[in-house]
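In the numbering used here, the protein residues as written are 36 to 211.
Notes follow the structure.
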Amino acid sequence: MPHHFDDPEEGLARETSHPRFVALATDDFYYDLADDFSPFGSDDGSDTLSLLEDWYRDGGKNGKVASFLKEMLADWDFGVPKSMHRVDADVREKWLAKEDMHETYLQSECRARVATAFGQLKITGEVDPAMRDEALAAIACQLALNERARTHHPAWPHADENEARLTSMRAVLSAL
């Protein structure tokens with residue numbers, strides 16, 4: 036089965052994406068590298084997609100994408116406890132309160148999980164069940180962080196847009 040890689044000269048495009056991804060990811064934001072709330076728009080998401088494309092070019096295969104993610108996150112070495120994206124709100128809040136950068140690191144790891152799942156879908160038309168589960172848990176965590184941001188920063192002008200993007204991504208992954 037052929038892989039679908041973007042042309043570095045053209046960037047992210049429907050034309051270079053797997054047809055199943057195109058059919059599911061219908062909103063323009065999925066193809067917007069300048070949209071920080073899209074799967075590939077943040078630095079974390081863009082880097083993840085680029086590294087995932089390289090991994091597939093080097094022989095990476097479906098069924099092993101979780102190992103790609105694990106290795107990439109280990110290289111990033113943010114110090115986020117394993118499964119922090121899955122813990123209950125009290126545990127997460129205690130950890131976030133320990134260090135200002137913890138939220139940034141957790142968001143980065145969540146974005147990487149989401150970008151890995153969507154990247155796999157974009158490249159191959161499939162998402163490993165374990166990767167889908169990781170991405171859905173990461174989206175749930177990001178939605179909780181969105182709610183936290185609304186409390187801590189009520190004037191944040193992008194809260195609704197962020198929530199809408201996350202809800203859309205959750206719907207796409209849930210449809211698989």
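A virtual CB, placed ideally from N, CA and C, is assigned to each residue, including glycine.
Remember, it's a predicted structure, so these values are computed and weren't measured experimentally.
Here G160 carries a coil assignment [DSSP, helix/strand/coil]. In the DSSP assignment, M204 falls within the unbroken alpha helix (DSSP H) covering 194-209. Counting only the Cα atoms, W191 lies some 7 Å from R185. The DSSP-derived three-state label of D79 is helix. R92 and F113 have their C-alpha atoms roughly 26 Å apart.
For D42, DSSP records a beta bridge to G46. By a beta-carbon distance limit of 8 Å, A101 does not contact M204. Their separation comes to about 18 Å.
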